[in-house]
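Under my numbering, the residues of the sequence shown are numbered -10 to 328, in order. Cβ coordinates follow ideal geometry from the N, Cα and C atoms, glycine included. The model shown is predicted, which means the values in this text are computed figures rather than measured ones.
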Amino acid sequence: MYSEGKEQLVTISSYAGARKDYVQGGGGNTSVKFDGRLMAIKASGYTLAEITHDKGYVTVNYQKILDYCNTVDASADRDFEKESLEVSLGSVELLDGMEYKRPSVEVGFHAFLKKCVIHTHAVYANILCCSEEGRDIAKKAFKDADVGYVFIPYIDPGFRLTLAVKEAADAYRAEHGGAPDLIFLDNHGVIAHGDSAEEAISVHEAACNRIRDSLGLDAFPIPAIRKTADGFASDTPYLKDFMERYCADEAYFNALKLYPDQLVYLGGKMGSAIRLQDGEVFYGTGEKEAQVIEETLLGVAYVIDMIAKAGLTLRQMDDRGADFINNWESEKYRSQLIK
Ligand SMILES: [Zn+2]
């Protein structure tokens, strides 16, 4: 059953999952709507590259999510994070033989978009989404492109982000007669979608290429780690060079609030699981976690460095937004899963 939809999910997931400049660690998520009721979405704790025909995703009844978001009174004084999490967990409808997994914490906004949805933390998109001039750069980069896009100011992931994506897409539809092809999320990432896997991929790919070309960005370095006596160490020259040029010590990273994945995968680990010492970066963790931290660190370094090189102004998350991530139950769950 649903073999065409599963094929599409594998196609878009392996496309994005193969690229460390598109997703780092367990970041990003993909979905495909099988019909008017069932949607397959990446399971929390899996990477996009791990998704196969029968693994790494769960199926949900996305009408339950649409119903909830379309009727909820968001101005009421209730714990919407808890309530909406219950709705998404309650929407899981497993196919025969499928093992229970939590759907991605970002399942909400997928329900409102086209058949095939690719959400990444592409470093090229994040150069726009983490700089004051991002909207101006987008205007230039997409000037002669037949592509519609919107920017959403930073908002807490989960329930609030779902409603913001729905509202931005509704407003765009009212004005242009169709959904925007691209949705840029400030200090977070980008969403591309389409009626087929090929369409979603081509929208995402063109967006990244246009941004890279219009800013003349350096190639994204390949993240690598090596085994040490008591863990792992970074084996990526670019990262060491960044630390030196920016005098980036543990305090530098502790003070940084670039985007949620940085807080989830690096937060609270500087000086313990992550040690910066004599120009080297050490990871006192297992291999999987070391690789996730390396990719996340490299993504953060590249975005900051390219923003500086392009003469743009870095814009970080505010303290309240960072506190929300640090205390969010769903994110604690996600950061545990990489161990
Ligand atoms: Zn995300």
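Secondary structure of residue i, DSSP reduced to three states
i	result
E194	helix
C118	helix
R264	strand
Y35	coil
G310	helix
Y46	strand
S64	coil
A130	helix
A29	strand
A168	coil
L245	coil
L74	helix
Cβ neighbour criterion (16 or more within 10 Å) applied to residue i
i	result
Q331	Outside the shown range of the chain, which is -10 to 328, sits residue 331, and nothing can be said about it.
S93	buried
D10	buried
K129	exposed
D175	buried
G260	exposed
E95	buried
S77	buried
S73	buried
A237	buried
L247	buried
K44	exposed
D170	buried
Y143	buried
E283	buried
M26	One point to set straight first is that residue 26 is Arg, not Met, in the sequence displayed. Exposed, because fewer than 16 other Cβ atoms sit within 10 Å of the Cβ of R26.
K71	exposed
P226	exposed
H110	buried
D250	buried
Y35	buried
Y272	buried
S(-8)	exposed
G288	buried
M295	buried
N18	buried
N115	buried
K216	exposed
T302	exposed
Y4	buried
Q266	exposed
Q201	Residue identity check: residue 201 is Arg in the sequence provided, not Gln. Per the 10 Å Cβ criterion, buried.
K31	buried
T48	buried
L286	buried
K22	buried
H165	exposed
Unbroken alpha helix (DSSP H) run spanning residue i, endpoints
i	result
Q251	P249 to L255
M295	E276 to K298
T333	Beyond the ends of the chain as shown, which are -10 and 328, falls residue 333; an answer cannot be given.
Y161	F148 to H165
I346	Outside the shown range of the chain (-10 to 328) lies residue 346, about which nothing can therefore be said.
Span of the beta strand (DSSP E), counted from its first residue to its last, around residue i
i	result
Y272	E269 to Y272
T19	N18 to K22
I141	Y138 to I141
Please specify which runs of the beta strand (DSSP E), each continuous and at least 3 residues long, are wholly inside the region 183 to 240, giving them in chain order.
214 to 217 and 220 to 223
Which whole runs of the beta strand (DSSP E) in the region 77 to 128 are 3 residues long or more, in chain order?
105 to 109
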